[in-house]
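S.K.: Take a look at the following structure, please.
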Amino acid sequence: MFDADRPIINSSQDRLNRATFSKYLARSILDHQTPESFVIGLYGSSGVGKTSIINMMIEELNVAGSNMLPEEKPIILNFSPWSYSGQNQLIYSFFRRLSSMLRGVPELNNKDKIIHLLELYVSFFTHRMVPQSLRIKQSWFSRLLSKQNNEIYGWESGRDLTLVKTELNELLGQQKHKIIIVIDNISRLYDHEIKQIFQIVKSIGDYTNTTYLLSFDKTQVIHAICRVDHDSGDELVEKIIQLPFEVPPILHQDLENILADRLNVMIRTIPEEAWNSEYWADIYFASLKFFFENCRDITRYVNTLQFSYARLRDIVNPVDFFALTAIEVFLPRLYFGIRDNKDLFTDLLDDVYQLDEKHIQKDKIRCDEILGRAEKQHPMILELLMRLFPRLRRIYQPNMLTYHSPTIARKLRRICSPDLFDAYFRLSMQTGQILESEFETILSLANDREAFDQALTRLNQDERILKFLDQLDSKVIDRIPHHHIAIIISALLDNGDLCPQGIGPPLNLDTPMRIHRIIHGLLQRFKKAEERFAVLETAIRHATKSICLIVQELKEQGREHLEQEDTFVPLEFRDVRPEELNALHKLAVTKIEEWAQNGRLAEHPHLLPILYAWRDWGNPEDCKKFIEDLVQTDRGLLALLMTTLEKAITQTMSEYERNPAWEIYLDDIRAFIPIEKIAAHAKLLFEDPYFEKLREREQLALMIFLDLINVKTIKTIPRTTA
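The number in this note's numbering is simply the position in the sequence shown, starting from 1, with 351 added.
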């Protein structure tokens, strides 16, 4: 059950020992005997309980009033200006409430005249006529003798503003009632409205026998007044507030008791063996308790926790999740930094990369940047993170002996386990974001080839690489240090095949084209063609993880050289010269042949463009020989059919309807091997019982191919025709 962020309404609900202070405040108001208008200030930041104190104070005023004579009871107006904020009628709304409140006091002497004078007085400021119902009632005989209209505006009364106010104060001074006006939520108003409240209190509404209690965040109000008047807001506040009170500080023990009561409701639903009280005590008393400064913090935290934990309770460690939720609520930027850097906070890659001194320093740079995002800084934040993620102790406390067992962490469903880390963020709504500080940190790693390459690998793993490319494909290219360019280009070419392909034209740029734009922009930072060639040659030569993107990049480079293409540019503006492009083609063919020899080429998901590049830039016979050898195996045949019929397969999966235009895809097969050389093998594989164990796309590749070449089989081909 979620709790609304509402103040308490009476002292019986007080758990912070504020009732005594509220009674003292009420008595201070009642004991003030001078007739002049008096202004009390109640200072406190948001969430400290100002409204709760006011409610208990009003309760005490009503109790005191119940023991007074009717003509002595205090008249209380609790005005919340926030209800009228933004309507450009704050002054009018205040006096409407005051007038309405006075009309409801039966023991108020000369009530009609007081209200009429009040309305006349207000009309000088609001330029609104006195409402018909509030004008002084004249007898029939008086109306008959009078030739003047009833007073509708203050200036029609024949009295100036000062005289009207003087007459009003004389009548109020004759009363035994004390008028107490409470104005709460002042800090929430617009700047000019805050200034209007102080005008009401000190200039317009400073009536006899009137006491104001103004509740606000002093710092916010001072800044607001300074923004309006460009003067010292501090001086104005001190001038108007005659008796200031600070909301008593909340004892942390009281907050802890409230938080404990709220959390115990949830903890009682957790199996006893799943809740480690000792671990919770370590987490809470060392760091977590410092997050909670008021009851509003507790409400925000518990509401978020109740919503999230109910959905993830079976897959997370409760103590870890309680701690992570505090980070999510109070330090959201840090929370997303943790979520998006799994390898830094878990031992995900520690078996791949040795965590030596060099890697520790790199990780510390990244971790410091993430910690720097926190909305507020406190040493306990790092302490909390080191308890949740033991790997951080190896970065920040490398000389401290610690014990961490990945097996036990997994068994206890700890967040530091790579297998369970993602589950903790399953309900996270904002994904794929890269803060400017993180982006700059990643770029700063470009002075180290391995570090920057690992950064791109991480971005690929958490599916933020396209967002990174979006930010890189901008004016930032112009300010990248010259000595970082070669490493960035090399990493982009080597990681390109691992990136999602993105949305192609006409909606957007696909990933290869986006990377080409970035590479082109970076290469143009070099003035000489031989420098640009050297960068590309080095990047291709050292690439080990990508081959298709290299082919696509060189094709885009080649379009600058084709006069029939609209991308043709004069020689002096090209990234590389014709002879250099040919050299890069030969180098790419060498890389393709390496992939073919070690068996990686046959498994590439985008085999077709690589085969065409091999045929066109290298020895066509070598390429055809590779295909002939490839199709001798079932896996090789399926690889060829899936890469050449990829578009048809995709259409069939969504529409399951044959398209006559698919015939053209057979030309891609004929470009490397005659159809008849693979038809029998394809037929045999289709008719074999093993066919049923193939993946869906593999089955569709065989069926579409046999259907297009009209092969007769002993097993019926499920026709893809409509």
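Cβ atoms here follow ideal geometry from the backbone N, Cα and C, with glycine treated the same way.
Near F642, what residues of its chain come up, given a Cβ to Cβ distance below 6 Å and the 5 sequence neighbours on each side ignored?
M.R.: In the sequence shown, the residue the question calls residue 642 occupies position 291. Closer than 6 Å at the Cβ level, and outside the excluded window around F642, lie A677 and F681.
S.K.: Mapping DSSP to helix, strand and coil, what is P929?
M.R.: Position 578 of the sequence shown, counted from the first residue, corresponds to residue 929. Helix, per DSSP.
S.K.: What alpha helix (DSSP H) runs, 4 residues minimum, are completely inside the stretch 417-455?
M.R.: Within the stretch 417-455, the complete alpha helix (DSSP H) runs of at least 4 residues are 441-454.
S.K.: Compute the Euclidean distance between the alpha carbons of L376 and I391, then round it to the nearest angstrom.
M.R.: Mapped onto the sequence shown, residue 376 falls at position 25. Mapped onto the sequence shown, residue 391 falls at position 40. One C-alpha to the other measures close to 9 Å.
S.K.: Cutting at 6 Å between CB atoms, please list the residues of its own chain near L722, excluding the five before and the five after it.
M.R.: The count along the sequence shown starts at 1 and reaches residue 722 at position 371. Closer than 6 Å at Cβ, skipping near neighbours: no residue.
S.K.: Taking the DSSP output, what are the residues bridged to E954?
M.R.: One-based indexing of the sequence shown puts residue 954 at position 603. Answer is none; E954 lacks a bridge partner.
S.K.: I'd like to know whether the C-beta of E1014 is nearer than 8 Å to at least one C-beta of chain B.
M.R.: Any reference to chain B falls outside this structure, which holds one protein chain only.
S.K.: Here's a check: name, in chain order, each residue in its chain whose Cβ is nearer than 6 Å to the Cβ of F1042, leaving out the five neighbours to either side.
M.R.: On the sequence shown, position 691 is the one that residue 1042 refers to. Excluding residues within five positions, none has a Cβ falling inside 6 Å.
S.K.: Between K590 and the rest of its own chain, which residues show a CB-CB distance below 6 Å, the 5 nearest in sequence each way excluded?
M.R.: In the sequence shown, counting from the first residue as 1, residue 590 sits at position 239. Correct list: empty, nothing qualifies.
S.K.: Where K762 and K896 are concerned, what is the direct C-alpha to C-alpha distance, given to the nearest angstrom?
M.R.: As a first step, residue 762 must be located in the sequence shown, where it is residue number 411. As a first step, residue 896 must be located in the sequence shown, where it is residue number 545. Each residue's alpha carbon lies about 35 Å from the other.
S.K.: Apart from the five residues on each side of it in sequence, which residues of its chain come closer than 8 Å, Cβ to Cβ, to I891?
M.R.: Numbered from 1 along the sequence shown, position 540 holds the residue referred to as residue 891. The answer, listed in chain order, is L844, I901, L935, L938, A939 and K942.
S.K.: So, do the stretch 457-475 and the stretch 511-527 have three or more beta carbon pairs nearer to each other than 8 Å?
M.R.: Yes: the two stretches touch, three or more of their Cβ pairs being nearer than 8 Å.
S.K.: Tell me whether F636 sits in a helix, a strand or coil according to DSSP, three-state version.
M.R.: Position 285 of the sequence shown, counting from 1, holds the residue named residue 636. Correct three-state label for F636: helix.
S.K.: For G584 versus V572, is the C-beta spacing smaller than 8 Å?
M.R.: For the purposes of this step, residue 584 is identified with residue 233 of the sequence shown, where counting begins at 1. For the purposes of this step, residue 572 is identified with residue 221 of the sequence shown, where counting begins at 1. It is a contact, given that the beta carbons lie within the stated cut-off.
S.K.: What separation, rounded to the nearest whole angstrom, lies between the Cα atoms of V927 and D1018?
M.R.: Stepping through the sequence shown from its first residue, residue 927 is reached at position 576. Stepping through the sequence shown from its first residue, residue 1018 is reached at position 667. So the alpha carbons of these two residues sit roughly 32 Å apart.
S.K.: Can you check whether the CB of R809 is closer than 8 Å to the CB of D694?
M.R.: As a working mapping, residue 694 is identified with position 343 in the sequence shown. As a working mapping, residue 809 is identified with position 458 in the sequence shown. Result yes, Cβ atoms of D694 and R809 sit closer than 8 Å.
S.K.: Per DSSP, what kind of secondary structure is L996 in: helix, strand or coil?
M.R.: The sequence position of residue 996 within the sequence shown is 645, counting from 1. In this structure, L996 counts as coil in the three-state DSSP scheme.
S.K.: Classify M731: buried if its beta carbon has 16 or more other beta carbons within 10 angstroms, exposed otherwise.
M.R.: As a working mapping, residue 731 is identified with position 380 in the sequence shown. Under this definition M731 is an exposed residue.
S.K.: What three-state label does DSSP hand T561 in the structure shown?
M.R.: Here residue 561 corresponds to residue number 210 of the sequence shown, with the count starting at 1. In this structure, T561 counts as strand in the three-state DSSP scheme.
S.K.: Can you name, in chain order, every residue of its own chain whose Cβ lies under 8 Å from the Cβ of L1053, other than the five neighbours on each side?
M.R.: Within the sequence shown, residue 1053 is the residue found at index 702, counting from 1. Cβ within range, chain order: L989, L992, A1033, L1036, F1037, F1042 and L1045.
S.K.: Please classify P863: does DSSP put it in a helix, a strand, or coil?
M.R.: Mapped onto the sequence shown, residue 863 falls at position 512. Three-state DSSP puts P863 in a helix.
S.K.: Once DSSP output is grouped into helix, strand and coil, what is the label at I721?
M.R.: Your numbering for residue 721 matches position 370 in the sequence shown. Reduced to three states, the DSSP call for I721 is helix.
S.K.: Where N627 and C767 are concerned, what is the direct C-alpha to C-alpha distance, given to the nearest angstrom?
M.R.: Locating residue 627 in the sequence shown gives position 276, where the first residue counts as 1. Locating residue 767 in the sequence shown gives position 416, where the first residue counts as 1. Near 16 Å, if we compare the C-alpha coordinates of C767 and N627.
S.K.: Only counting the same chain, and skipping five residues up and downstream in sequence, which positions put a Cβ closer than 6 Å to that of I816?
M.R.: For this step, residue 816 is matched to residue 465 along the sequence shown. Result list for I816: L810 and C850, in chain order.
S.K.: Mark V1049 as exposed unless 16 or more other C-beta atoms lie within 10 angstroms of its C-beta, in which case mark it buried.
M.R.: Looking up residue 1049 in the sequence shown gives position 698. The amino acid occupying residue 1049 in the given sequence is Glu; Val does not appear at that position. With 16 or more Cβ atoms within 10 Å of its Cβ, E1049 is classed as buried.
S.K.: Going by the DSSP bridge assignment, what does P595 pair with across the sheet?
M.R.: The count along the sequence shown starts at 1 and reaches residue 595 at position 244. DSSP, once it has assigned bridges, lists G392 as partnering P595.
S.K.: Need the endpoints of the beta strand (DSSP E) that V653 sits in, please.
M.R.: In the sequence shown, counting from the first residue as 1, residue 653 sits at position 302. Note, V653: premise wrong, no beta strand (DSSP E); alpha helix (DSSP H) at C646 to L663.
S.K.: Give every residue of the same chain whose Cβ lies closer than 6 Å to the Cβ of N668, excluding the five residues on either side of it in the sequence, and list them in chain order.
M.R.: Taking the first residue of the sequence shown as position 1, residue 668 is located at position 317. Taken in chain order, the residues that qualify are L763, R764 and R765.
S.K.: Can you give me the C-alpha to C-alpha distance between S363 and I649, rounded to a whole angstrom?
M.R.: As a first step, residue 363 must be located in the sequence shown, where it is residue number 12. As a first step, residue 649 must be located in the sequence shown, where it is residue number 298. Roughly 20 Å between the two C-alpha positions.
S.K.: Buried or exposed: where does I839 fall if 16 or more other Cβ atoms within 10 Å of its Cβ makes it buried?
M.R.: Taking the first residue of the sequence shown as 1, we reach residue 839 at position 488. Classification for I839: buried.
S.K.: Cutting at 8 Å between CB atoms, please list the residues of its own chain near R684, excluding the five before and the five after it.
M.R.: Taking the first residue of the sequence shown as 1, we reach residue 684 at position 333. Same-chain partners within the cutoff: R724, A725, E726 and L786.
S.K.: Taking G556 as the reference, give the member of E679, F446 and D542 with the closest Cα.
M.R.: Taking the first residue of the sequence shown as position 1, residue 556 is located at position 205. Ranking the options by Cα distance to G556, first place goes to F446.
S.K.: Looking at the structure shown, is F696 part of a helix, part of a strand, or coil, going by DSSP?
M.R.: Taking the first residue of the sequence shown as 1, we reach residue 696 at position 345. Note: F696 maps to helix in three-state DSSP.
S.K.: Please classify V920 as buried or exposed, where buried requires at least 16 neighbouring CB atoms within 10 angstroms.
M.R.: The residue given as residue 920 occupies position 569 in the sequence shown. V920 should be labelled exposed.
S.K.: Would you check if the distance between the CB atom of A415 and the CB atom of L381 is smaller than 8 Å?
M.R.: Taking the sequence shown and counting its residues from 1, the one referred to as residue 415 is at position 64. Taking the sequence shown and counting its residues from 1, the one referred to as residue 381 is at position 30. Yes, they are a contact pair.
S.K.: Determine the closest residue to E423 out of R366, Q525 and S396, with distance taken between C-alpha atoms.
M.R.: Stepping through the sequence shown from its first residue, residue 423 is reached at position 72. Among R366, Q525 and S396, the Cα nearest to that of E423 is on Q525.
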